[in-house]
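Novice: Dumping the structure here so I can ask a few things about it.
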Amino acid sequence: MGRLLAIDYGRKRCGIAVTDPLRIVATALATVPASELITFIKDYMSREQVDEIVVGLPTTMSGEPSDSMRYITPALGRLRKELPAGFPVVMWDERFTSTLAHRAMLDAGVRKKGRQDKEAIDRMAAVIILNSYLDSPQSKK
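To convert a position in the sequence shown, counted from 1, into this note's numbering, add 167.
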């Protein structure tokens, strides 16, 4: 069984999280510039078995795709072209993940300077996306 990898995609940078090989625990992996995302993922996948990629789906409060989909859609198209044909890439609701990441950092006692680290928030958001997916019946397929 391979790992699951999650991406919290942003215009400037992307938070990345992965599971352990048994898919029990999601941990933060890295924050990479959006322009280097495909290279990072291909390099990671050359070293580790990844069975599926989960990408945060930004939605509005009413559940409609947000405006940021206009730059995520082309990026995902480029990523899919670089992956083996038919490799599973799943979109997963990311509503409130940045807020939840900030709250988790507060609860963990991270000082104000640490909570202002946008890269750390992006990584934590990717972990939250991946944990949400892991808790869903869809991840068990």
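Even glycine gets a Cβ: it sits at the ideal position worked out from N, Cα and C.
(1) Between valine 294 and the rest of its own chain, which residues show a CB-CB distance below 7 Å, the 5 nearest in sequence each way excluded?
(2) Using CA coordinates, which residue listed in Val221, Leu250 and Asp260 is at the minimum distance from serine 229?
(3) Is the distance from the Cβ of arginine 245 to the Cβ of isoleucine 208 below 8 Å?
(4) As an exercise, report each continuous alpha helix (DSSP H) stretch of at least 4 residues that is fully enclosed by the stretch 190 to 245, in chain order.
(5) Is isoleucine 174 near valine 217, with beta carbons less than 8 Å apart?
(6) Can you grab the Cα-Cα spacing for the pair leucine 189 / leucine 171, in whole Å?
(7) Determine the direct distance from the alpha carbon of arginine 180 to that of methionine 168, and round the result to whole angstroms.
Specialist: Inspection of the coordinates gives the following:
(1) Ala184, Ala193, Thr194 and Ala195, listed in sequence order.
(2) Asp260
(3) Going by C-beta atoms, arginine 245 is not nearer than 8 Å to isoleucine 208.
(4) 204 to 214
(5) With contacts defined by Cβ atoms closer than 8 Å, isoleucine 174 and valine 217 do not form a contacting pair.
(6) 10 Å
(7) 29 Å
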